[in-house]
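*Asks:* One structure, as structure tokens, below. Some questions next.
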Amino acid sequence: MKASGKIGFEKALVGEAGKKAFLFSFGTALCLFGLTRDSFPGILSGLWRILVEPDYLISDYMDVGGMGAAFVNSGLLTVLFTSILVFLRVHIRGISIAAVFTVAGFSFFGKNLLNVWFIVAGVWLYARSRKEPFLKFIYIAFFGTALAPLVSQLMFGFHFPPFLRFFLGASAGLSAGFILPPLAAAFLSVHHGFNLYNVGFTAGMVGTLYVSVFRSHGFITASRVIWSTGHNGLLFPLCTAFFLLLAAAGFLLGGGKTPDSLRSLWKHPGRLIADFVDLYDFPATLVNMGLTGLVAVAYLRLIGGDFNGPTLGGLLTVAGFSAMGKTPRNIIPVLLGVVLGSVTKNWSLTDPPIQLAALFGTTLAPIAGEFGWIAGLLAGYIHSSVVLNVGVLHAGFNLYNNGFAGGMVAAILVPLIEAFRRRDKG
Amino acid sequence: MRHERFVVSRIVSELMNFFFSMGAGDFRARVSRSDEGHEIVIESDYAGSQGSRLREMTRLLRMPRAREMEQYSWSLSGDISTGQEIYLVGILTDTVSVDHDEQAGRVRITLFRKWD
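Chains S and V are the protein sequences, given in the same order.
Per my numbering, the very first residue in the first sequence carries number 211; after that it's consecutive.
Per my numbering, the very first residue in the second sequence carries number 2; after that it's consecutive.
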């Protein structure tokens with residue numbers, strides 16, 4: 211048998227234009243839904259409140275600026291970040307969908323139209339300084355916006371003269387973005403790709419460094435939880451319908467090929483970089499995103515959780531990473547591990563940080579995918595404890611707190627599991 | 002990419018891991034560097050009947066190069082090898098040719114990675 215040459219993008223069932231249209235439509239739909247939830251002046255004033263709010267964890271934009279402004283903020287950022295990919299002529303793959311959905315999700319609780327750009331610009335400056343194209347660092351820039359609250363806190367959280375606040379916030383954002391690219395690559399080998407939110411782990415380390423310096427100078431931020439409730443009647447059916455639509459669209463686009471592709475996809479352990487769009491094509495990926503999203507929605511509903519900005523962020527991130535690693539098969543053990551934790555530990559599954567720990571704890575899904583259900587259960591169980599204790603290190607300035615905690619859990623668990631399961635001679 | 006030699010060595014390491022996991026007893030790698038880039042030639046045997054794994058390997062090696070993912074992913078190749086990481090080799094290389102002699106139980110892979 212002889213095979214040569216690379217597989218061309220033109221062989222894909224859905225072309226580049228279709229995938230770009232999907233991401234743009236998603237952003238536009240978020241904006242349009244937001245516009246139905248409030249008057250135009252109401253949305254503008256809500257957006258302003260979102261921009262000037264210190265955004266460290268947990269700051270629910272549905273409470274800060276209202277539901278309309280939160281959806282418009284998320285939709286606009288989705289469209290803008292997709293536009294960057296289009297401008298740079300990046301092929302839309304699973305990682306692109308994961309990155310854009312993660313930005314969309316966290317734009318409900320921490321990323322806004324002002325604070326993200328300083329991080330992106332910092333990464334761009336790094337690329338310029340190394341004389342490398344920005345394209346190579348684009349996903350580190352996108353995921354790196356996890357540190358956007360650093361900017362907002364310094365600009366709006368302290369009582370300095372406005373010029374000084376702007377200077378400090380911009381400097382912190384630019385410098386954080388500047389140091390992320392080399393660190394993101396280095397930290398991958400710490401958890402061996404078993405923590406899907408790798409930049410979250412890196413950002414946690416960077417956030418810890420910055421906050422330590424701030425604290426040494428007497429800047430202390432009190433922890434807080436801004437968490438809206440009462441949206442379940444609207445957002446539960448909306449999320450369910452959205453994920454059903456994704457799954458149905460995937461089945462329609464893929465035709466008869468989808469079930470076979472989906473079966474293969476679900477056998478994948480999901481370890482980074484499992485780009486499902488490249489590996490199994492876009493339609494099967496869409497079905498996986500829809501079904502995995504539905505599992506997360508069902509979990510939230512069953513435990514009596516809240517559908518609000520932060521949990522919507524969790525659901526969208528789960529769906530986004532279902533284009534790059536997550537499947538129903540590998541997230542369910544992690545979710546069950548968190549549930550098991552609620553039996554033996556002194557917290558409730560409906561506590562806000564625990565609702566997020568379960569949804570975002572699925573960053574450890576590859577552990578279940580690679581080593582089996584028990585390992586996944588153990589990972590979820592341990593993660594639900596670790597995540598409650600590491601946020602204090604970066605004072606909530608790293609939005610991907612679960613990525614930070616997940617990195618630590620994976621770094622410890624994976625070598626142990628590997629050590630005890632290896633039986634081959636090599 | 003500034004880590005070009007590391008990337009190339011990770012590619013070789015990844016394929017060596019892969020073939021040893023398939024019971025290889027004789028794995029050979031040759032890397033030539035030129036003005037255009039690096040050519041990596043791998044020759045290996047394997048144990049038993051591994052047709053489906055080799056077909057999947059070939060599919061993954063044929064994935065198009067993804068420069069925008071390199072900085073994010075290159076350090077994972079050659080790490081813990083589960084077989085799926087061959088995808089990383091695919092997206093790190095520009096051209097590929099796989100010659101599989103099923104009767105002899107040998108595979109020859111030629112990869113080329115261009116300089117940026």
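C-beta atoms are modelled at their ideal positions from N, C-alpha and C, and glycine is treated no differently.
Just so you know, these numbers come straight off a predicted model, no measurement behind them.
(1) Entirely within the segment 19-56 of chain V and at least 3 residues each: give me those beta strand (DSSP E) ranges in chain order.
(2) Within 8 angstroms of any Cβ in chain V, is that where the Cβ of Ala213 (chain S) sits?
(3) Does any residue of chain S have a CB that is nearer than 8 angstroms to the CB of Met17 (chain V)?
(4) Excluding the 5 residues flanking Gly570 (chain S) on each side, which residues of the same chain have their C-beta closer than 6 angstroms to its C-beta?
(5) Of all Cβ atoms in chain V, is any one closer than 8 angstroms to the Cβ of Val224 (chain S)?
(6) From what residue to what residue does the beta strand (DSSP E) around Ile348 (chain S) run?
(7) Within 10 Å of its beta-carbon, does Gln565 (chain S) have 16 or more other beta-carbons around it, so buried, or fewer, so exposed?
(8) Take the Cβ of Arg29 (chain V) as the centre, count every other Cβ of all protein chains shown within 10 Å, and call the residue buried at 16 or more, exposed below.
(9) For chain V, find out if any of its Cβ atoms is closer than 8 angstroms to the Cβ of Gly616 (chain S); answer yes or no.
(10) Between the alpha carbons of Ile627 (chain S) and Leu398 (chain S), how many angstroms are there, rounded?
(11) For Arg63 (chain V), count the other beta carbons within 10 Å of its own beta carbon; 16 or more makes it buried, fewer makes it exposed. Which is it?
(12) Below 7 angstroms, is the gap between the Cβ of Leu55 (chain V) and the nearest heavy atom of the ligand SAH?
(13) Could you give the residue range of the alpha helix (DSSP H) that holds Arg338 (chain S)?
(14) Within the 8 angstroms Cβ cut-off, does Val13 (chain V) reach chain S?
(15) Can you name the residues of chain S whose CB is closer than 7 angstroms to the CB of Arg54 (chain V)?
(16) If you draw a straight line from the C-alpha of Pro447 (chain S) to the C-alpha of Gly515 (chain S), how long is it?
(17) So, does the segment 440-457 of chain S touch the segment 472-483 of chain S, judging by three or more C-beta pairs under 8 angstroms?
(18) Quick one: Cα of Ile217 (chain S) to Cα of Lys230 (chain S), how far?
(19) What does Arg63 (chain V) touch in chain S if you count any residue whose Cβ is under 8 angstroms from its own?
(20) Does the beta carbon of Ser339 (chain S) sit closer than 8 angstroms to a beta carbon anywhere in chain V?
(21) On the DSSP bridge list, what partners appear for Asp102 (chain V)?
(22) List the residues of chain V whose Cβ lies closer than 8 angstroms to the Cβ of Arg303 (chain S), in chain order.
(23) Given a limit of 9 angstroms on CB to CB distance, which residues of the segment 94-107 of chain V reach chain S?
(24) Between which two residues does the alpha helix (DSSP H) holding Ser306 (chain S) run?
(25) Residues in its own chain within less than 7 angstroms of Ala615 (chain S) by CB, not counting five upstream and five downstream?
(26) Between which residues of its own chain and Arg107 (chain V) is the CB-CB distance below 6 angstroms, once the five residues before and five after are set aside?
(27) Is Arg539 (chain S) buried or exposed, if buried means 16 or more other CB atoms sit within 10 Å of its CB?
(28) Using DSSP with H/G/I as helix, E/B as strand and the rest coil, what is Leu393 (chain S)?
(29) Considering only the alpha carbon of each residue, which of V:Met70, V:His39 and V:Gly52 lies closest to Phe20 (chain V)?
*Replies:* Put simply:
(1) Along the segment 19-56 of chain V, the beta strand (DSSP E) occurs as fully enclosed runs of 3 or more residues at 28-34 and 38-46, listed in sequence order.
(2) At least one beta carbon of chain V lies nearer than 8 angstroms to the beta carbon of Ala213 (chain S).
(3) Not closer than 8 angstroms to any Cβ of chain S, the Cβ of Met17 (chain V) fails to qualify, so no.
(4) It is Phe, not Gly, that sits at residue 570 (chain S) in the sequence shown. So the qualifying residues of the chain are Gly524 and Asn612.
(5) Between Val224 (chain S) and chain V, the shortest Cβ-Cβ separation is not below 8 angstroms.
(6) Counted as a single uninterrupted DSSP element, the stretch harbouring Ile348 (chain S) is not any beta strand (DSSP E) but the alpha helix (DSSP H) occupying residues Ile348 to Gly354.
(7) The residue is buried, with at least 16 neighbouring Cβ atoms inside 10 Å.
(8) The residue in question, Arg29 (chain V), is exposed, as its Cβ has fewer than 16 Cβ neighbours within 10 Å.
(9) Not closer than 8 angstroms to any Cβ of chain V, the Cβ of Gly616 (chain S) fails to qualify, so no.
(10) Going by the C-alpha atoms only, they are around 18 angstroms apart.
(11) Its Cβ being crowded by 16 or more others within 10 Å, Arg63 (chain V) is buried.
(12) The model on display carries no ligand, and the ligand SAH is accordingly not part of it.
(13) Counting along the chain, the alpha helix (DSSP H) containing Arg338 (chain S) begins and ends at Val326 to Ser339.
(14) No, because no Cβ of chain S sits closer than 8 angstroms to the Cβ of Val13 (chain V).
(15) Contacts between Arg54 (chain V) and chain S, judged by CB atoms closer than 7 angstroms, are missing: the closest CB pair is about 13 angstroms apart.
(16) Taken atom to atom, the span from the alpha-carbon of Pro447 (chain S) to that of Gly515 (chain S) is near 14 angstroms.
(17) Contact between the segment 440-457 of chain S and the segment 472-483 of chain S is absent, because fewer than three Cβ pairs lie under 8 angstroms.
(18) Going by the C-alpha atoms only, they are around 20 angstroms apart.
(19) Here the neighbours are Ala213, Gly215, Lys216 and Ile217.
(20) It does not: the Cβ of Ser339 (chain S) has no partner Cβ on chain V nearer than 8 angstroms.
(21) Beta bridge pairing from DSSP links Asp102 (chain V) with V:Arg107.
(22) For Arg303 (chain S), the C-beta contacts it makes with chain V under 8 angstroms involve Ala67 and Met70, in order along the chain.
(23) Among the residues of the segment 94-107 of chain V, those with a Cβ less than 9 angstroms away from any Cβ of chain S are Thr94, Asp95, Thr96, Val97, Ser98, Val99, Asp100, His101, Asp102 and Glu103, in the order of the chain.
(24) Unbroken alpha helix (DSSP H) run through Ser306 (chain S): Gly304 to Phe316.
(25) Around Ala615 (chain S): His593, Val596, Val597 and Val600.
(26) Answer for Arg107 (chain V): Asp46, listed in chain order.
(27) Result: buried.
(28) Helix at Leu393 (chain S).
(29) Ranking the options by Cα distance to Phe20 (chain V), first place goes to V:Gly52.
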